[in-house]
Amino acid sequence: VTDKFTESIYVLANEPSVALYRLQEHVRRSLPELAQHKSDMQSWEEQSQGAIYTVEYAC
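When the sequence shown is numbered by the numbering used here, its final residue is 61 and no position is left out of the sequence of numbers.
Here's what the structure looks like:
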């Protein structure tokens, strides 16, 4: 009985719909942080380009 119960839990835990749910859950948690990192990197890139432009034309 215990083996069948364990097997049932294992199958349920590895069902594709559960996997997709876990993937969606992960994306929803991670996406805001990734979007913030992207925004920070774009800001840093703009500042860097401005500094490079200033250095090139100062010489």
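Beta carbons: idealized from backbone N, C-alpha and C, even for Gly.
None of the values given here were measured: they were computed from a predicted structure.
**Request:** Specify the secondary structure class of Glu17 as computed by DSSP and reduced to three states.
**Result:** Three-state DSSP puts Glu17 in coil, outside helix and strand.
**Request:** Kindly indicate if chain C contains any beta-carbon less than 8 Å away from that of Ser32.
**Result:** Given the protein chain composition of this structure (a single chain), no chain C is represented.
**Request:** Whole angstroms is fine: what's the gap from Leu33's alpha carbon to Arg24's?
**Result:** Using only the alpha carbons, I get a separation of about 14 Å.
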